[in-house]
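Below: one structure, written as structure tokens.
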Ligand SMILES: [Zn+2]
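Numbering (the numbering used here), first residue to last: 221 to 321.
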């Protein structure tokens, strides 16, 4: 999916049968543990999100949960390539130039 030439990534949110735990992952597949088994409490897919970065997807996820503001990890800084704000202590993904900084 692309908007204005920018390549978007897919993220998906999952919950358990009791609806309590909420998990956001990159991609649209049900999350798996390192040993290949499905992660517990991810039986039900809540929604998918198309966003440029993990921080954008997380902000949308929090809005949909109605659970307050999402706080990205670390402070935002200008991308050394294009100058857009990104989170070097978080995903390190620049939303504008698609470079992993
Ligand atoms: Zn950039």
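Positions of the beta carbon are idealized from the N, C-alpha and C atoms, including for glycine.
For residue 231 against residue 269, the beta-carbon gap comes to about 5 Å, under 8 Å, which counts as contact. Three or more beta-carbon pairs separated by less than 8 Å are not found between the segment 253 to 261 and the segment 286 to 295, which leaves the two stretches without contact.
In the three-state scheme derived from DSSP, where H, G and I count as helix and E and B as strand, residue 254 is classed as coil. Between residue 273 and residue 315, the CB-CB gap stays under 7 Å. In the structure shown, residue 278 falls within a helical segment according to DSSP collapsed to helix, strand and coil.
Nearest to residue 302 by C-alpha distance, out of 313, 280, 238 and 294, is 313. For residue 296, the shortest separation between its Cβ and any heavy atom of ligand 1 does not lie below 6 Å.
Sequence-distant partners of residue 246 (beyond 5 residues in either direction) whose C-beta falls short of 6 Å from its own C-beta, in its chain, are 231.
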